[in-house]
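K.L.:
Pasting in a structure now, in structure tokens, and then I'll have a few things to ask.
In the numbering used here, the protein residues as written are 4 to 444.
Rendered as structure tokens:
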């Protein structure tokens, strides 16, 4: 009798725990959130009713829920079933910037302290402001400063900005370089343009109806800038610019292939190891969902004849820039990073859901569109193709996109992306999007 009673008590305890509401977000019942809104994300037995204060929560058949709430300045108390949450919102502070632009009486000469230093269009480290990434040792003419940035004069009317910590003091003078020669060559898979200079100088390479190159601080040309346009021979499909032997500026432009078969594709499961990513309303970890989709996509692409490489094959830590290096090491033609989304508190009432695709360089936009079209066909809402400055897709050497297959925190999406059958459908959709891109060339 005694053992039977203990078993009954344990069964009752487990039943109560299974039926209790689980809150995934907010992560604590006493938090500070400086936003006009937030949300409660979690799961509950769909056969039960759940209220947050007096508002009934819409529970998905899977048990997941996302319930947005508004926040007043000060303490906000929320009753969630038998639980109580205190969310404090601080009053907004109007920080009127006292930082002003300072121009020097005499220019100062600095040089890049390391590789891949960004030149910025404005004195704000917002990713879409990036103009070019430059190598260590390239000399810049600095004419002023604004906060943490130096103002760089590239030509008479061309300016850029560089972070103070990214440069070091260099020469006291900065004579212009001379163009000493030009070489053009064709290889089976690319075109190569080489400009011979007397020294390394800054440049900006940008996409237009082809590629536009501007080399600065070069004598013998208007405003000391040498301008060069590279025509397209089809859609852009990867390019790179670099200095060889400290004086030869080389631009390599890949030839566009006509099919998926034989291409090198690097697949990147976002997050991993200590980087969990978003937590779904059912408690699933984004890093695990990303990897599950990637492994299915790898098999499908290999069956189509592609050479597939992974940035991680298990639950391991991989740095953002290491992911790009892996892609470059494998001479990738296409780089695809898989993620699953979340929302900031400020967008709690946005109602956003579905799949989205991000690119940074314009050459990758079209392939992103084709992939999203197919994800919509398998049931995901259209959350748009957008340009964004994510580290893993700031790589010109391949077409590079980041796919958010769905939202971890949206119950409808979460139920799909954690289902193995749907993960396979999503992987098939991504492959079909790639094939459609090549078929329409």
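Glycine residues also receive a C-beta, built at the ideal position from the N, C-alpha and C atoms.
(1) Return the chain-ordered list of same chain residues with a C-beta closer than 8 angstroms to the C-beta of residue 105, the five sequence neighbours on each side being excluded.
(2) Determine the direct distance from the alpha carbon of residue 426 to that of residue 107, and round the result to whole angstroms.
(3) Where residue 21 and residue 52 are concerned, what is the direct C-alpha to C-alpha distance, given to the nearest angstrom?
(4) Does the separation of the CB atoms of residue 343 and residue 289 fall below 8 angstroms?
(5) Mapping the DSSP letters down to three states, classify residue 181 as helix, strand or coil.
(6) On the DSSP bridge assignment, give the partners of residue 385 in chain order.
(7) Grab the span of the beta strand (DSSP E) containing residue 122 for me, first residue to last.
(8) Under the rule that 16 or more other beta-carbon atoms within 10 Å means buried, what is residue 468, buried or exposed?
(9) Could you pull the start and end residues of the alpha helix (DSSP H) that residue 416 belongs to?
(10) Measure from the alpha carbon of residue 157 to the alpha carbon of each residue in 221, 48, 102, 323, then state which is nearest.
(11) For the alpha helix (DSSP H) containing residue 428, list its first residue and its last residue.
(12) Which of helix, strand or coil does DSSP assign to residue 14?
(13) In this structure, does DSSP put residue 303 in helix, strand or coil?
(14) To the nearest whole angstrom, what separates the beta carbons of residue 432 and residue 377, a pair I think is in contact under 8 angstroms?
(15) For residue 83 versus residue 26, is the C-beta spacing smaller than 8 angstroms?
(16) Using the Cα positions of residue 135 and residue 66, report the straight-line distance between them to the nearest angstrom.
(17) Measuring only the C-alpha atoms, how far is residue 192 from residue 258?
(18) Give me the residue from 223, 240, 371, 214 with the minimum Cα distance to residue 232.
(19) How big is the Cα-Cα spacing for residue 13 and residue 388?
(20) Please report the Cβ distance between residue 401 and residue 337, rounded to the nearest whole angstrom; I am assuming they are in contact, meaning their Cβ atoms lie under 8 angstroms.
(21) Can you list, in chain order, the stretches of the beta strand (DSSP E) that have 3 or more residues and sit fully within the stretch 215-275?
(22) Is the stretch 359-371 touching the stretch 396-416 in the sense that three or more CB pairs, one from each, lie closer than 8 angstroms?
(23) Flag this pair as yes or no: are the beta carbons of residue 38 and residue 348 separated by less than 8 angstroms?
(24) Considering just the uninterrupted stretch of the alpha helix (DSSP H) at residue 2, what are its terminal residues?
(25) With three or more C-beta pairs closer than 8 angstroms as the rule, is the stretch 268-275 touching the stretch 295-312?
(26) Could you tell me the boundaries of the alpha helix (DSSP H) in which residue 329 lies?
P.N.:
Quick answer:
(1) 147, 148, 149
(2) 58 angstroms
(3) Bear in mind that a pLDDT of 42 at residue 21, under 50, signals an unreliable position, so the number given afterwards is only what the model happens to contain. Cα-Cα distance, rounded: 15 angstroms.
(4) yes
(5) coil
(6) 358
(7) 120-123
(8) Nothing can be reported for residue 468: it is not among the residues displayed for the chain, which extend from 4 to 444.
(9) 414-420
(10) 221
(11) 423-442
(12) The predicted position of residue 14 is uncertain, since its pLDDT is 37 and thus under 50; a value taken from the coordinates is nonetheless stated next. Of the three classes helix, strand and coil, the one that applies to residue 14 here is helix, per DSSP.
(13) helix
(14) 4 angstroms
(15) yes
(16) 47 angstroms
(17) 5 angstroms
(18) 214
(19) The pLDDT assigned to residue 13 is 39, lower than 50, so where the model puts this residue is not dependable, and the model offers no usable value.
(20) 6 angstroms
(21) 228-234, 242-247, 251-257, 267-272
(22) yes
(23) yes
(24) Given that the chain is displayed from residue 4 to residue 444, the structure contains no residue 2 and the question cannot be resolved.
(25) yes
(26) 323-332
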